[in-house]
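K.L.:
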Amino acid sequence: MLVGLFEEFLMRGYTLHTLAQVMGFWPAAVLLSCAFGAVHFSNPGETWVGLAGAVAIGMFFCLTLQRTGSLWFAVGFHAFWDWGQTYLYSVPDSGTVEPGHLMRPSFAGPDWLNGGSVGPEGSVLCFVVIAGMSVAFARKYRGVSGL
Numbered sequence: 285m286l287v288g289l290f291e292e293f294l295m296r297g298y299t300l301h302t303l304a305q306v307m308g309f310w311p312a313a314v315l316l317s318c319a320f321g322a323v324h325f326s327n328p329g330e331t332w333v334g335l336a337g338a339v340a341i342g343m344f345f346c347l348t349l350q351r352t353g354s355l356w357f358a359v360g361f362h363a364f365w366d367w368g369q370t371y372l373y374s375v376p377d378s379g380t381v382e383p384g385h386l387m388r389p390s391f392a393g394p395d396w397l398n399g400g401s402v403g404p405e406g407s408v409l410c411f412v413v414i415a416g417m418s419v420a421f422a423r424k425y426r427g428v429s430g431l
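Counted the way the working numbering counts, the sequence shown spans residues 285 to 431.
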């Protein structure tokens, strides 16, 4: 939960609000989402697909902030995403496997499809999920908060 709080408040909280006043919301969102991807560069076994996935999920979180005017959806989703991968499904989360996980899964198939050592974030299927969530969220929350 702390990772979700820290990363969201850092990348989409005050920093995004301040940059958006200077350059506009979406240019600031793109810049900070790319920075969010770059922060994941040092993760063990990270791949370019995983980095692009981090940028894409960062853009989704910016969309949720822009449409709702609140950071809490992004914080909760991020925390649940990390917890679900790490402890419930017991897969690598950004290349890290933590102790105390529930299962011992194994991956079959090519890394581009299952994420390999990076985990689901390193799979091209992650982009399908993010795109689907973005479309569903944008349709559900059509009003723009004015950020």
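Beta carbons: idealized from backbone N, C-alpha and C, even for Gly.
#1: Using a Cβ-Cβ cut-off of 6 Å (strictly less than) and excluding sequence neighbours within five positions of W391, which residues of its own chain qualify?
#2: Among the candidates V359, T348, A363, whose CA atom is the shortest distance from the CA of A415?
#3: Specify, as a first and last residue, the run of the alpha helix (DSSP H) that V279 falls within.
#4: DSSP three-state call for T299: helix, strand or coil?
#5: Anyone know if the C-beta pair for A304 and G321 falls short of 7 Å?
#6: Run the CB neighbour count on V402, radius 10 Å, all protein chains shown included, and call it buried at 16 or more, exposed below.
#7: Between E382 and the rest of its own chain, which residues show a CB-CB distance below 6 Å, the 5 nearest in sequence each way excluded?
P.N.:
With the given structure in hand:
#1: Numbered from its first residue, the sequence shown carries residue 391 at position 107. Just to set this straight, residue 391 is Phe in the shown sequence, not Trp. Cβ neighbours of F391 beyond the five flanking positions: N398.
#2: Counting from one through the sequence shown, the residue named residue 415 turns up at place 131. With distances taken between Cα atoms, A415 lies closest to T348.
#3: Since the first residue of the chain shown is 285 and the last is 431, residue 279 is not available in this structure.
#4: Here residue 299 refers to the residue found at position 15 of the sequence shown. T299 falls in the helix class under three-state DSSP.
#5: Numbered from its first residue, the sequence shown carries residue 304 at position 20. Numbered from its first residue, the sequence shown carries residue 321 at position 37. One thing to note: A304 has its Cβ no nearer than 7 Å to the Cβ of G321.
#6: Residue numbering aside, residue 402 sits at position 118 when the sequence shown is read from its first letter. Buried.
#7: Translated into positions along the sequence shown, residue 382 becomes position 98. Listed in chain order, the non-local C-beta contacts of E382 below 6 Å within the same chain comprise T370, local neighbours out to five positions each way being set aside.
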